[in-house]
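Asks: Quick note: the sequence shown uses the working numbering, first residue 843, plus one each step.
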Amino acid sequence: MATTLELIRNVKTQVQELTGFAADSVSEFNATELGWEMTVNLLELKRIPSSTDLLAAYRITLDKDGNVTGYHRSRRYLRDQVMEDAP
Numbered sequence: 843m844a845t846t847l848e849l850i851r852n853v854k855t856q857v858q859e860l861t862g863f864a865a866d867s868v869s870e871f872n873a874t875e876l877g878w879e880m881t882v883n884l885l886e887l888k889r890i891p892s893s894t895d896l897l898a899a900y901r902i903t904l905d906k907d908g909n910v911t912g913y914h915r916s917r918r919y920l921r922d923q924v925m926e927d928a929p
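Spelled out as structure tokens, the structure:
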């Protein structure tokens with residue numbers, strides 16, 4: 843069985859191949875009955891200065907083997923944009 847870090851590295855690679863965008867970070871990771879769910883932040887448009895880069899949060903679902911079974915872009919934002927978490 844893969845370690846958590848190996849799983850995350852694998853998912854970042856899969857999502858980059860599916861979307862064409864580079865994975866910037868993983869901001870959420872949870873085990874589910876069917877596998878895993880995570881939020882991966884992708885760099886959709888690189889700009890200068892980097893604080894104006896356009897990022898997007900993608901909600902990713904995975905099976906128990908770590909294969910992507912679905913994804914959805916949940917939001918787009920600028921790197922320097924501050925967003926409060928929902929209560």
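C-beta atoms are modelled at their ideal positions from N, C-alpha and C, and glycine is treated no differently. Given the structure is predicted, the values throughout are model-derived calculations rather than measurements.
With DSSP as the reference, identify every bridge partner of residue 905, one or two as the case may be.
Replies: Residue numbering aside, residue 905 sits at position 63 when the sequence shown is read from its first letter. The partner list for residue 905 (beta bridge, DSSP) reads 877.
Asks: In its own chain, which residues sit with a C-beta less than 8 Å from the C-beta of residue 867, not counting the 5 before and 5 after it?
Replies: In the sequence shown, the residue the question calls residue 867 occupies position 25. Excluding positions up to five away in sequence, the list reads 882 and 883.
Asks: Taking 8 Å as the limit between beta carbons, can you name the residues of its chain near residue 852, skipping five residues before and five after?
Replies: For this step, residue 852 is matched to residue 10 along the sequence shown. For residue 852, where only same-chain residues beyond five positions count, the Cβ hits under 8 Å are 844 and 908.
Asks: Go through its chain and collect everything with a Cβ distance to residue 893's Cβ below 6 Å, but skip five positions before and after it.
Replies: Looking up residue 893 in the sequence shown gives position 51. Cβ neighbours of residue 893 beyond the five flanking positions: 921 and 922.
Asks: Starting from the Cα of residue 901, find the closest Cα among 865, 895, 889 and 875 and give me that residue.
Replies: Start at 1 with the first residue of the sequence shown, and residue 901 comes out as number 59. Of the candidates 865, 895, 889 and 875, the one whose C-alpha sits nearest the C-alpha of residue 901 is 865.
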